[in-house]
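Novice: So the sequence shown is numbered by our numbering: it starts at 2 and just counts up by one.
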Amino acid sequence: MQSAEGTWDLTMSTPIGRMRAVIELRSRDGVLTGTAQGTGEEVPLTEVVLDGDRLTWKQAITKPLRLNLAFDVRLDGDTLTGTSKAGRLPSSEITGERRGIRPESVNEV
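(1) With burial defined as no fewer than 16 other Cβ atoms inside 10 Å of the residue's Cβ, what is the status of V50: buried or exposed?
(2) Name the two residues that bound the continuous beta strand (DSSP E) containing L26.
(3) If we count the other Cβ atoms within 10 Å of its Cβ and call it buried at 16 or more, is I24 buried or exposed?
(4) Compute the Euclidean distance between the alpha carbons of T40 and W58, then round it to the nearest angstrom.
(5) L76 to L68, Cα distance in whole Å?
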């Protein structure tokens with residue numbers, strides 16, 4: 002099974018325009034956790050589940066609107082594609098790319 006861990010740059014095509022966000026996913030004791038940053042706020046991800054290549058999570062935002070979002074994406078290596086849904090609003094298309102490990106962050110022995 003592939004890993005979802007890392008820093009992901011997301012682009013969302015929403016009814017109010019294209020938006021960008023960054024999510025951080027980490028695994029601790031086999032449980033995925035994460036945070037999302039975008040539009041001036043950082044929020045926790047909840048119900049983060051990786052099932053094969055399908056990754057789902059929920060998050061609540063307050064900017065630009067107060068919304069509860071549900072994400073459903075497919076992982077393919079270092080890219081993801083899928084949708085975000087906010088209540089009765091139309092689904093928004095999501096694309097994302099995992100940031101690579103920079104050479105200066107690798108410890109040399």
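Ideal Cβ placement from N, Cα and C applies to all residues, glycine included.
Specialist: According to the data block:
(1) Sequence index remark: in the sequence shown, residue 50 carries index 49 (1-based). By the neighbour-count rule (16 or more Cβ atoms within 10 Å), V50 is not buried but exposed.
(2) By 1-based counting over the sequence shown, the position of residue 26 is 25. L26 -> beta strand (DSSP E) spans 18-29.
(3) By one-based count along the sequence shown, residue 24 stands at place 23. Label assigned to I24: buried.
(4) To locate residue 40, count along the sequence shown from 1; it is residue 39. To locate residue 58, count along the sequence shown from 1; it is residue 57. Cα-Cα distance, rounded: 19 Å.
(5) Position 75 of the sequence shown, counted from the first residue, corresponds to residue 76. Position 67 of the sequence shown, counted from the first residue, corresponds to residue 68. Cα to Cα, the separation comes out at about 24 Å.
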